[in-house]
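Chemist:
In the numbering used here, the protein residues as written are -6 to 221.
(1) Would you please state the rounded distance, in angstroms, between the beta carbons of residue 114 and residue 144? I believe it to be under 8 Å.
(2) Assign residue 183 to buried or exposed, taking buried as 16 or more other Cβ atoms, counted over all protein chains shown, within 10 Å of its Cβ.
(3) Taking all protein chains shown into account, decide if residue 49 is buried (16 or more other Cβ within 10 angstroms of its Cβ) or exposed.
(4) Does the count of Cβ pairs from the region 190 to 210 and the region 160 to 168 closer than 8 Å reach three?
(5) Would residue 128 and residue 91 be called neighbours here (beta carbons separated by less than 7 Å)?
(6) Tell me the rounded alpha-carbon separation between residue 39 and residue 69.
(7) What's the C-alpha gap between residue 0 and residue 37?
(8) Per the contact definition of three or more C-beta pairs closer than 8 Å, is the region 98 to 117 in contact with the region 131 to 151?
(9) Is it buried or exposed, residue 62, if we count other Cβ atoms within 10 angstroms and call 16 or more buried?
(10) How far does the beta strand (DSSP E) with residue 116 in it reach, from first residue to last?
(11) Determine whether the beta carbon atoms of residue 192 and residue 175 lie at a separation below 7 Å.
(12) Taking residue 218 as the reference, give the member of 210, 211, 197, 67 with the closest Cα.
(13) Give every residue of the same chain whose Cβ lies closer than 8 Å to the Cβ of residue 41, excluding the five residues on either side of it in the sequence, and list them in chain order.
(14) Mind checking residue 137: buried by the 16 CB within 10 Å criterion, or exposed?
This is the structure:
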C-alpha cells in the first residue's frame, strides 16, 4: 500500500471531515496529493510539514539526508505554486557537529527565501553510539542557542506574514480546546490556530464551524462568528 492508497481510503470514511499529513520526507510527495489538496470537496487539507534540517549541502551530507538544498527548494515551490492557501512547515536543526557560521547562514538565508509558514527549531543533541557523537568539532551550547534564537525569530515573522494573508476571510475551524475560563480555540484547514474573541457558553469541541478571521494575536488569529 502507498500513501496515496491510504489517503484514498480515508477519504471514503463517513464522519471523517479532515485528513492532515504530518511530517513527510522531502522530494517523495506524490503529485496527486497536490490535486487532492486543491479540491474543495476532498478531505485532504492544504498542509505539509517537510523537514529541512539544514540549508547547507555539506551538513545534509553529513546527516546522510537523501536530498540537497536545491532539491528541497524545488519541492517547496512546487507545492506552494500548486495548492492555494497551502501552509508549509519544516524542522530545522542547529549546531550539528562541524556546522560553521557559513553553513548556518546558508540555512538562515534559505529559510528567508522559501514560502514557509513556520519552522520547528531544535539543537543537535549528541547521542552515544551514533556517528555524529564521534565527530570532533562539536558546536558549543551557547552558539547553538544563538543560532536557534535567530531561526525562531524568523519563524515568528514568517507565521505572522502567513496569517496576515487570511485576515478578513471566513474559514471553517475545527474547534479542539476549551479552557476553564471559556476560551475556545481550534485550527483552520491550513493550520492557522484561531481563538474566539469572546467567551462562548457552549462546548464547540469536535465541531467544524466557520468564523471570520479578524485580527492577529501573537501566534494566533482572533475569530468571530458571523452574524446574520
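Heads up, the beta-carbon is just placed ideally off N, CA and C, and yes, glycines get one too.
Here the structure is a predicted model, which is why all the values come from computation and not from measurement.
Modeler: With the structure as the only source:
(1) Yes, they are in contact, since the Cβ atoms of residue 114 and residue 144 sit about 5 Å apart, within 8 Å.
(2) Burial call: buried.
(3) Looking at its Cβ environment, which holds 16 or more other Cβ atoms inside 10 Å, residue 49 is buried.
(4) Touching, yes, given that three or more Cβ pairs across the two stretches are closer than 8 Å.
(5) Going by C-beta atoms, residue 128 is nearer than 7 Å to residue 91.
(6) Straight-line Cα distance between these residues: approximately 13 Å.
(7) Rounded to the nearest whole angstrom, the CA to CA distance from residue 0 to residue 37 is 8 Å.
(8) Touching, yes, given that three or more Cβ pairs across the two stretches are closer than 8 Å.
(9) Only buried fits residue 62, as 16 or more other CB atoms lie within 10 angstroms of its CB.
(10) Per DSSP, residue 116 is one residue of the beta strand (DSSP E) stretching across 111 to 116.
(11) Contact flag set, yes.
(12) It is 197.
(13) Only residues of its own chain outside the window of five on either side were considered, and among them 14, 17, 22, 72, 79, 80, 81, 82 have a CB closer than 8 Å to the CB of residue 41, listed in chain order.
(14) Buried is the call here.
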